[in-house]
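A quick write-up on the structure given underneath.
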Amino acid sequence: MKKVYCKPESMTDIEHKYCPGCGHGLVHRLVAEVIDELGVRERTIGIAPVGCAVFAYDYWNFDVTEAPHGRPPAVATGIKRVLPDRIVFTYQGDGDLAAIGMAETVHAANRGENITVIFINNAIYGMTTGQMAPTTLLGMKTTTTPFGRDKNLAGYPIKVCELLATLAGTAYLERCAVNNVKNIINTKKAIKKAFEMQKENKGYSLIEVLSQCPPNWGLSLKESLKFVQEDMTKQFPLGVIKDIYA
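Position 44, counted from 1, in the sequence shown is what this note's numbering calls 973; the numbers after and before it change by one each time, with no gaps.
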């Protein structure tokens, strides 16, 4: 009998400990499937963040190292420059990448480092129980914005892809989502393209993934999937933001 679906070799047998409905597990699997399909597991190095995905190294069956909060791009830069034949990627949330790590993000992109960044945007700090993040939507209630995010007090949500698109060093930027089957399929295609571009030494790529966070949003899973589709995509439109090789 032909096997049509199985656990990727790039995933371990450890049960994920993410909250019910969280998109991290979905993206972890997509990354693992892509690495298997490209045949690069033995030369892939991931960099885990500080945040909900801090224990990502438990779930992937390839080399993964940890970085201080916000510093995965700096760690990835060092690894890639010393080991240029490796496939190096960071996996980061909005707090890690766009708050404490914004300087590292911008400068790695501006230098055109030949790395891949997987950026999970759930518009909130998940691990620390739901504070406002740089990507929190206007009017969105969090533990630190109980009356909703006010632009006069906290500014506007940061559009990371659009910001990085202005830099000459960026090669490929795409925003995806994992709230329905169609978007999940497209997210995998984008992640695969980003890794392929790194293999071909094309430069810096970032895939932004809009992801649901039901517990910290105070919504059911069904409601959170709808929130991604009807609210988040208005602020953060899906699609290719930049592809200099298209």
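Quick reminder that beta carbons are idealized off the backbone N, C-alpha and C, glycines included.
Length of the line joining the Cα atoms of residue i and residue j
i: Lys936; j: Phe984; result: 19 angstroms
i: Tyr1174; j: Phe1165; result: 23 angstroms
i: Ala1032; j: Thr1064; result: 16 angstroms
i: Met1126; j: Ser1134; result: 8 angstroms
i: Leu1154; j: Ser939; result: 27 angstroms
i: Met1161; j: Met930; result: 43 angstroms
i: Thr973; j: Thr994; result: 11 angstroms
i: Ala1028; j: Thr1099; result: 20 angstroms
i: Ile1114; j: Asn1081; result: 38 angstroms
Cβ-Cβ distance between residue i and residue j below 8 angstroms
i: Gly1059; j: Met1069; result: no
i: Gly1022; j: Gly1055; result: yes
i: Ala1005; j: Ile1044; result: yes
i: Glu1091; j: Ile1170; result: yes
i: Ile1016; j: Phe1124; result: yes
i: Glu1137; j: Phe1048; result: yes
i: Val979; j: Pro997; result: yes
i: Leu1102; j: Pro1086; result: no
Chain B within 8 angstroms of residue i, Cβ atoms only
i: Gly980; result: Of the chains in the structure shown, none is chain B; there is only one protein chain.
Where residue i falls, given that 16 or more other Cβ within 10 Å makes a residue buried
i: Arg1104; result: buried
i: Lys1009; result: buried
i: Tyr1191; result: No answer is possible for residue 1191: it lies beyond the span of the chain, which begins at 930 and ends at 1175.
i: Asn1108; result: buried
i: Glu1159; result: exposed
i: Asp1079; result: exposed
i: Asp1014; result: exposed
Pick from the options that is closest to residue i, judged by C-alpha positions
i: Asn1050; options: Glu1152, Leu1139, Met1126 and Leu1082; result: Leu1139
i: Pro1143; options: Ala1052, Ala996, Lys1171 and Glu995; result: Ala1052
i: Thr1116; options: Met930, Met1061, Leu955 and Phe1156; result: Leu955
i: Gly1168; options: Glu1125, Lys1118, Thr941 and Ser1149; result: Lys1118
i: Cys981; options: Val1046, His953 and Arg1000; result: His953
Cβ contact check for the region 961–973 and the region 989–1001: 3 or more pairs under 8 angstroms: yes
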